[in-house]
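Adding 76 to a residue's 1-based position in the sequence shown gives its number in the numbering used here.
Worksheet: the structure to be examined is printed underneath.
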Amino acid sequence: GAGFFAEGADHILFMNNSTYDTYSSGIGVWNCKKTIIQDNIIELACNLGSQECLTVGGCDSILVKGNEVFNRWVETMGGEGICIKDGSRNIIISENLVHDLIKLGIYTDAWDKHTYNLTVSNNIVYNCNNGISLASEMGGLLENVMLYNNILFNNKFLGIDISNNGDDTTVKI
């Protein structure tokens, strides 16, 4: 499963932890409030499993800061580096180092929910497929995203991708 997992909890601190070779997320936080995920090392997460290396889904008031997330391009299914999704709001993603992933570095995905008030700043993302992607795969509203002072380099396809990024052809960008 996941290295660390929290669901429906408030005031949680994940700090100075290290995860290695998890089947699912290295750190997964779902439907939580007022949580800090800071200064963790997440390596080889989602090794043949699902989700993302660091997952924040349906959460409110979360700080994701100073984490290092990487897989070293190991031949696994892998997951996105840091993913903020599914109705999350009031989230800060800052000062993270995300690198050497076979998928996206940082991903904000509304999916089919209203996901809003996200700040993505001062991160370094390199050697991933895409650096940062902002999307709504199944028609949810992604709104009020501030993206600034990030350094993105040597990513295979795009530095920044803003799209619907999914299979629902009825979604308009």
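Note that CB positions come from ideal geometry on N, CA and C, so glycine has one too.
Each residue's CA atom was taken as its position, placing isoleucine 117 and phenylalanine 80 some 12 angstroms apart. Secondary structure within the region 103-140: the beta strand (DSSP E) runs of 3 or more consecutive residues, fully enclosed, are 103-106, 109-114, 117-119 and 130-133 (chain order).
Annotated three-state conformation of arginine 148 is coil, per DSSP. According to DSSP, residue pairing for lysine 161 in a beta bridge involves Gly133 and Asp185. Our two residues, leucine 194 and glycine 142, have alpha carbons roughly 16 angstroms apart in a direct line. Nearest to serine 197 by alpha-carbon distance, out of Ser101, Thr184 and Thr191, is Thr184. Only buried fits aspartate 162, as 16 or more other CB atoms lie within 10 angstroms of its CB. In this structure, serine 137 keeps its C-beta atom at 9 angstroms or more from the C-beta atom of threonine 95. Taking 9 angstroms as the cut-off, the beta carbon of leucine 173 is found closer than this to the beta carbon of valine 145. DSSP, read as helix, strand or coil, puts methionine 91 in strand. Secondary structure at asparagine 231: coil, using DSSP grouped into helix, strand and coil.
Glutamate 156 carries a coil assignment under DSSP once its states are collapsed to helix, strand and coil. Alanine 82: member of the beta strand (DSSP E) spanning 80-83, first to last residue.
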